[in-house]
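Per UniProt numbering, the very first residue in the sequence shown carries number 1; after that it's consecutive.
Here is the structure we will look at, set down as C-alpha cells.
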Amino acid sequence: MRRGLSSGALLLALALAAGLNGVPAKYAEYARWEVVADKGLPAGGPHAGQPKVVYANPVAAREWKGGKALPLGSIVVKTTGPAGAPALVAVMEKRAEGWYYEEYLPEGGKYVLKFGGPGKQQLCVGCHTGAKAKDYLFTRP
Ligand code: HEC
C-alpha cells in the first residue's frame with residue numbers, strides 16, 4: 001500500500017477537486033487519500049475503463065485491512081480512466097443506515113450523478129452483496 005500524499009500530490013489533488021465539477025467536495029477530494037487498490041483489478045467488469053484506482057478516506061484506510069466492518073464516515077472512491085479526468089467516479093459512503101452508493105460520469109464538461117443516489121441503491125447493492133463478507137467491498141483483502 002502506498003500513500004497518495006506529497007506536496008505535489010496535494011496540489012494535484014486540489015486541482016483535481018476543482019476540476020471535478022459536479023462531484024460533491026467530500027468525495028472529490030479522493031486524490032488526497034490512500035490508494036488501497038490499483039493493481040490486478042479486472043480490465044472489464046461493471047465499471048469499465050482503465051486504469052482503475054480505489055481510494056479510502058482516512059477513517060476507512062485505518063480499518064481497511066482489519067477485517068472488521070468499516071466505521072461510520074468511511075468513504076471509498078473508485079475511479080477509472082486518467083487520474084486528472086476520470087471516466088467514472090464511483091462512491092461508497094458508510095452511513096447510519098448502511099452503505100450509500102453514487103456513480104458520476106462526465107457529461108457536457110461536468111460530472112453527473114448517473115447511477116445510485118437517493119432511492120436508487122438497489123443496482124449497486126445487488127452486486128456488492130457478493131462481497132458481504134468483506135463489508136461489501138470487493139477490493140478489500
Ligand atoms: C455487476 C456488479 C457490480 C455493480 C452493479 C456495481 N459494482 Fe461496484 N464493484 C464491483 C466489483 C467487481 C468491484 C471491484 C473492482 C472492479 O473489479 O472494478 C467494485 C468496486 C467498487 C468500488 C470500490 C470498492 C470495492 O468494492 O472494492 C466502489 C466505490 C463501487 N464499486 C461503487 C459502486 C456503485 C456506486 C455502484 C452502483 C452505481 C456499483 N459499484 C455497482 C461490482 C459491481
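All C-beta atoms, glycine included, are put in the ideal place defined by N, C-alpha and C.
Apart from the five residues on each side of it in sequence, which residues of its chain come closer than 7 Å, Cβ to Cβ, to residue i?
i, result
"V23", "V89, Y104, Y111"
"A69", "D135"
CB-CB under 6 Å to residue i, same chain, minus the five flanking residues each way: which ones, in chain order?
i, result
"M1", "Low confidence applies to M1: its pLDDT is 46, below 50, so where it sits in the model is not reliable enough to give any reading."
"P86", "T79"
On a CA-only basis, which of the options is nearest residue i? Give me that one, please.
i, options, result
"K134", "R32, E63, K52, Y27", "E63"
"H128", "L41, E97, T79, Y101", "Y101"
"E34", "G130, K52, R95, N57", "N57"
"K94", "A83, V76, A31, G84", "V76"
"Y55", "Y30, P71, L72", "Y30"
"R32", "A83, P71, K39, L41", "A83"
"G81", "G66, D38, Q121, G117", "D38"
Throw me the rounded Cβ distance for the residue i and residue j pair, which I believe falls under 8 Å.
i, j, result
"Y136", "V91", "No, Y136 and V91 are not in contact; Cβ-Cβ is about 13 Å, not under 8 Å."
"S74", "V59", "5 Å"
"L72", "A96", "7 Å"
"C124", "G116", "5 Å"
"L41", "T139", "7 Å"
Can we count residue i as close to the ligand HEC, meaning its CB is less than 8 Å from some heavy atom?
i, result
"K132", "no"
"E102", "yes"
"residue 142", "Here the chain has residues from 1 to 141 only, and residue 142 is not among them."
"K26", "no"
| message | So within the UniProt domain "Cytochrome P460" (29-139), which uninterrupted beta strand (DSSP E) runs reach at least 3 residues, ignoring any that extend past its ends? | response | As for any beta strand (DSSP E) of minimum length 3 sitting wholly inside the UniProt domain "Cytochrome P460" (29-139), the runs are 34-37, 52-56, 75-80, 88-95, 98-107, 110-116, ordered along the chain.
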